[in-house]
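The block underneath contains the structure these notes are about, expressed in structure tokens.
Numbering (my numbering), first residue to last: 1 to 288.
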């Protein structure tokens with residue numbers, strides 16, 4: 001049996017008002033979370049949630065094994081939406097794997113693979129994103145990061161503002177090394193603080209997500225620096241070969257925008273009705 005966890009920090013989405021989520025797309029996210037929880041449990045995982053007081057109002061209807069409000073006092077600019085995930089990593093025990101709420105562990109083969117990886121590797125990730133250097137969007141993120149932090153963040157070990165080439169896709173991340181986890185979590189906090197304290201932060205181009213630097217690129221820098229053995233569930237990059245492998249082992253990670261489309265929402269509704277009509281009825285109350 002493996003332990004996995006979700007994190008959901010509601011502040012980037014505006015939180016709740018009068019018990020109602022501010023963001024219209026919250027229903028789509030709750031659908032994903034419900035399916036993710038039920039599929040993980042069906043395949044023998046224990047699954048916990050790290051959230052805040054607003055998050056527990058809605059996510060409390062899902063059958064998590066444990067729900068904690070460790071994210072309630074998180075005081076970070078909401079431009080760094082992954083801060084909730086990093087805080088959850090900080091408090092979660094070693095050997096617990098974070099999965100995004102739109103990650104589905106559909107097959108026992110996938111869970112067995114993760115259990116194997118945790119025995120032999122310091123770091124388990126969804127995949128290595130080695131094509132960042134060829135991504136026009138990522139090039140824009142890097143240029144924006146270098147403009148806002150021209151001197152980098154010298155106080156952060158192993159952070160190289162000019163070495164932002166490789167990264168991890170962090171839909172799934174598990175640490176089996178306390179040293180690596182502590183280095184990464186502390187560095188993330190300092191990098192995001194440096195961004196926020198820069199006089200140029202207010203002029204940032206909001207089309208470019210600076211959090212990719214602190215969350216994904218810095219994790220790869222930490223792994224490189226310590227020489228930590230890493231296990232990538234689906235290998236390098238993303239393509240037809242990786243998709244075929246995911247289908248074979250039963251692993252799905254919905255893209256950020258696709259889960260908000262009417263087609264995917266309808267598909268997720270059908271999945272949830274099949275998994276649990278009781279949970280479906282509770283989740284459907286959030287449909288606007």
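All C-beta atoms in this analysis are idealised placements derived from N, C-alpha and C, irrespective of residue type, glycine included.
In the DSSP annotation of this structure, residue 204 is not part of any alpha helix (DSSP H), being labelled neither H nor E. For residue 67, the closest C-alpha among the options 5, 116, 81, 25 is that of 5. Residue 128 and residue 233 have their C-alpha atoms roughly 9 Å apart.
Here residue 147 is not bridged, per DSSP, to any residue. The continuous beta strand (DSSP E) containing residue 251 extends over residues 251-253.
For residue 222, the uninterrupted alpha helix (DSSP H) segment begins and ends at 218-226. The stretch 192-203 makes no contact with the stretch 52-71; the number of CB pairs closer than 8 Å stays below 3. The DSSP-derived three-state label of residue 231 is strand. Contact between the stretch 106-122 and the stretch 148-165 is absent, with fewer than three C-beta pairs closer than 8 Å. For residue 8, the enclosing beta strand (DSSP E) begins and ends at 3-8. By the Cβ-count criterion, residue 188 is buried, with 16 or more other Cβ atoms from all chains shown falling within 10 Å of its own Cβ.
With a beta-carbon spacing of about 4 Å, residue 7 and residue 88 fall inside the 8 Å limit used to define contacts.
When the Cα atoms are used, residue 13 and residue 186 turn out to be separated by approximately 24 Å.
Looking only at 144, 29, 143, the smallest Cα-Cα distance to residue 268 is reached by 29. Within the same chain, Cβ atoms closer than 6 Å to the Cβ of residue 61 are found at 282, the five residues on either side in sequence being excluded.
Distance check between residue 166 and each of 152, 197, 212, 79 places 212 closest, using alpha-carbon atoms only. CA-CA distance, residue 102 to residue 196, rounds to 28 Å.
The beta carbons of residue 97 and residue 123 sit no closer together than 8 Å. Going by DSSP, residue 192 is part of the alpha helix (DSSP H) stretching over 178-197. In the assembly as shown, residue 40 is a buried residue. Its beta-carbon has 16 or more other beta-carbons within 10 Å.
Around the beta carbon of residue 21, a 10 Å sphere encloses 16 or more other beta carbons of the protein chains shown; the residue is thus reported as buried.
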